[in-house]
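Data block below; observations after.
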Amino acid sequence: MAESVLNKARKQKTDEFYTQLSDIERELKHYKDQLKGKTIFCNCDDPETSEFYYYFVSNFDIIGLKKLITTHFEVDKPSYMLEYCGGADIRGDKETVVKRAIELGKKKTLKQNFEQGDQGELFETEPTRSFSGDFRSPECIELLKESDVVVTNPPFSLFREFVEQIFSYNKKFLIIGSLSAITYKETFRYIRDNKMWLGYGFQGGNAYFKVQDSRDYAQGVFDHSTGLVKFRNVAWYTNLDVSKRHESLIMYEHYEESKYPKYDNYDAIEVSKLKDVPLDYYGIMGVPITFVDKYNPEQFEIIGLIAGNIRGMAGIESKSGKDGPYINGKLKYGRILIRRKE
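For the sequence shown, position 248 matches number 287 in the numbering used here, and the numbering has no gaps at all.
Written out as structure tokens, the structure reads:
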């Protein structure tokens, strides 16, 4: 059992993808006013290597932060908490800046291991043993309580649990996750209820991450010369305000019954491309998942989610009892059901 848990923990460690500084700078520049005077918690970040830590230390006074706290996960050794409160004029290259900030920070060793039972009923996962610096550990949760905004790139495989924890403690956040997380039952309800939305995104829709190991990737995904792995289906998730949420989707098409087929099992029409959303239709429409990136809650409301592997998330009754978007007996790609507001 102990060996199995250890192997699982090491596998979790390889689930980490390290965000580039350029992507952090491009996204974080939009939130400067909302971060002023706040305590930032990067709870999946080793300060010695994390570009998030380097970014916040370098811009601590420019943003006007109150405090920066970092913790990170370790398997084979104790991890530590680092607290930085600014007050120093640190200049130089990245290595110099990070080293000096670590020296000036308050450092505390974190406990090694705790039983999952100590976490209460927050996570519905199998009993296991966590390791030093795990964001679910009691020590890291106490640090979360004293923070204002969580900013990090959590392990993709633990995204559901990570989001649940943030909402359980009512925190602001800006985090990276797979675009497919939109369709997770645990996260979609926050998007539907306007409690979570997408940030500004990665340049050209492409995200490039550094990776720890040399796993085999499909051709064109991993660049051996740069050590970067490329993802197209990655997004920034947040509950900080973004200006694009207040921009209306521009529509050109007019509704014609022959152009917009109805689903077999739902009283809704199929709109296969966002550019084809009709400007004069006020019934329920099924649109691609990517609609979330254009979603303005003042213009539309999200009714639900329909997909072949999703149950009970449509928000409207299925006429046949089947879930998923069917047209002429054929199952289509997953769709978000939306309706125009008057």
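Using N, Cα and C, we set each Cβ at its ideal position, and we do this for glycine too. Remember, predicted model here, so these are calculated numbers, not experimental data.
Contact between Tyr321 and Arg379 holds: CB atoms are separated by about 5 Å, below the 8 Å threshold.
Note that the C-beta distance between Ile215 and Asn192 is below 7 Å. For Thr329, the closest C-alpha among the options Ser264, Glu296 and Gly244 is that of Gly244. Take the alpha-carbon of Phe56 and the one of Ser359: they are about 43 Å apart. Annotation: the stretch 168-255 contains the following complete segments of the alpha helix (DSSP H) (minimum length 4 residues), in chain order: 177-185, 198-207 and 224-231.
Counting C-beta pairs closer than 8 Å gives three or more between the stretch 264-281 and the stretch 57-75, which meets the contact rule. Counting only unbroken stretches of 3 or more residues, the beta strand (DSSP E) elements lying wholly within the stretch 87-117 are 106-109, in sequence order. Cα atoms of Tyr372 and Gly325: separation of roughly 10 Å, rounded to the nearest angstrom.
Exposure of Ser264 is indicated by the presence of fewer than 16 other C-beta atoms within 10 angstroms of its C-beta.
In this structure, Leu218 sits away from Tyr247, with a CB-CB distance that is not shorter than 7 Å.
Asp173 is the residue among Gln59, Asp100, Leu121 and Asp173 whose C-alpha sits nearest the C-alpha of Asp115. Here Leu376 is bridged, per DSSP, to Gly325 and Gly343. With contacts defined as CB atoms closer than 7 Å, Ile108 and Leu197 fail to qualify as a contacting pair. Shortest Cα-Cα distance from Glu203 to any of Lys138, Tyr229 and Asp187 involves Tyr229. Ranked by Cα distance from Glu142, the options Trp236, Lys150, Glu122 and Leu149 are led by Glu122. The beta carbon of Lys210 sits closer than 6 Å to those of Val189, all from its chain and outside the five residues before and after it, given in chain order. In its chain, beyond the 5 residues on either side, Glu113, Pro117, Ser118, Leu149 and Gln151 have a beta carbon closer than 6 Å to the beta carbon of Ser171. Counting along the chain, Leu67 sits inside the alpha helix (DSSP H) bounded by residues Leu60 to Leu67. Shown here for Lys312: same chain residues with a beta carbon closer than 8 Å to its own, the five before and five after excluded, namely Pro327 in chain order.
C-alpha of Lys77 to C-alpha of Ser186: approximately 8 Å in a straight line.
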